[in-house]
Amino acid sequence: MRCSRLKNIVLASLLSALPCITFAEEIGSVDTVFKIFGPDHKIVVEAFDDPDVDNVTCYLSRSKTGGIKGGLGLAEDTSDAAISCQQVGPIELSDRVKRKPTKGQVVFQKRTSLVFKKLQVVRFYDPKRNTLVYLTYSDKMIDGSPKNALSAVPIMPW
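Residues -24 to -1, 1 to 134 in mature numbering (1 follows the signal peptide of the UniProt record, and there is no 0) are what the sequence shown lists, from first letter to last.
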């Protein structure tokens, strides 16, 4: 019993140390290649809300590999992705967002291969133009991809 309690404390400590990264809600998808065995290749459209900025929603489209490997989660998705972020209400920036505008903060991650590749969305704050900039790109442990997409959200009075 005492060992179980210790495991729970260690697990809670590890989880609290992780950065705040959100999960996306799938909006829909379109098939791009028919596969006889396993799911088709497709483009998936997902939405997520910025975890640190109220009233900003980002829409992300990305490729998803099908077939037998894709159905089992063993395939590596391509690095193709697009992003569009929108202001959906009044925005108030926290100090966390304003703190390091040029450094960027990861607001979304999704695994796109079994182990080493992930799609990320990083937020930058441009204080001179009062704008939030969202960059999506794919990285790999050894060799990342230069493919990327960008979306800017001017902070307007609501």
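Built from N, CA and C at the ideal position, the CB exists for glycine as well.
Query raised in the report: Below 8 Å between beta carbons: does that hold for Leu50 and Thr112?
Result: no
Query raised in the report: The alpha helix (DSSP H) spanning Leu64 covers which residue range?
Result: Per the sequence shown, the amino acid found at residue 64 is Val instead of Leu. Careful: Val64 lies outside any alpha helix (DSSP H) and carries neither H nor E.
Requested in this report: Tell me where the beta strand (DSSP E) around Val20 begins and ends.
Outcome: His17 to Asp25
Query - Rounded separation between Arg38 and Gln62 - CA only - result: 18 Å
Report task. Give me whichever residues DSSP pairs with Asp102 in a beta bridge. Result -> Thr107
Query - For Ala71, three-class secondary structure by DSSP - result: Going by the sequence as given, residue 71 is Asp instead of Ala. Helix.
Report task. Inspect the CB distances between the stretch 82 to 96 and the stretch 10 to 18 and report whether three or more fall short of 8 Å. Result -> no
Query raised in the report: Hey, quick one: how far does the beta strand (DSSP E) through Ala56 stretch, first residue to last?
Result: The residue asked about is misnamed: residue 56 is Asp in this sequence, not Ala. That residue, Asp56, is in no beta strand (DSSP E); it is neither H nor E in DSSP.
Query - Local conformation of Gly4 per DSSP, three classes - result: strand
Query raised in the report: Along the chain, where does the beta strand (DSSP E) that runs through Thr33 open and close?
Result: Val32 to Lys40
Requested in this report: Can you tell me which of the three DSSP states Lys79 falls into?
Outcome: coil
Requested in this report: Excluding the 5 residues preceding and the 5 following Thr107 in the sequence, name in chain order all residues of the same chain whose CB lies nearer than 6 Å to its CB.
Outcome: Ala128 and Pro130
Query raised in the report: Between Asp26 and Val20, which are expected to be in contact by the criterion C-beta below 8 Å, what is the C-beta distance as a whole number of angstroms?
Result: Asp26 to Val20, Cβ: 20 Å. No contact.
Query - Proximity winner among Ile67, Cys34 and Val64, relative to Glu1 (alpha-carbon distances) - result: Cys34
Query raised in the report: Got a sec? Which residues, its chain only, sit under 7 Å from Arg72 by beta carbon, not counting five neighbours each side?
Result: Asp28
Query raised in the report: Which first and last residues belong to the beta strand (DSSP E) in which Pro130 is found?
Result: Asn124 to Pro130
**Report entry** Sub-8 Å separation of Ala23 and Ile44 beta-carbons
**Finding:** no
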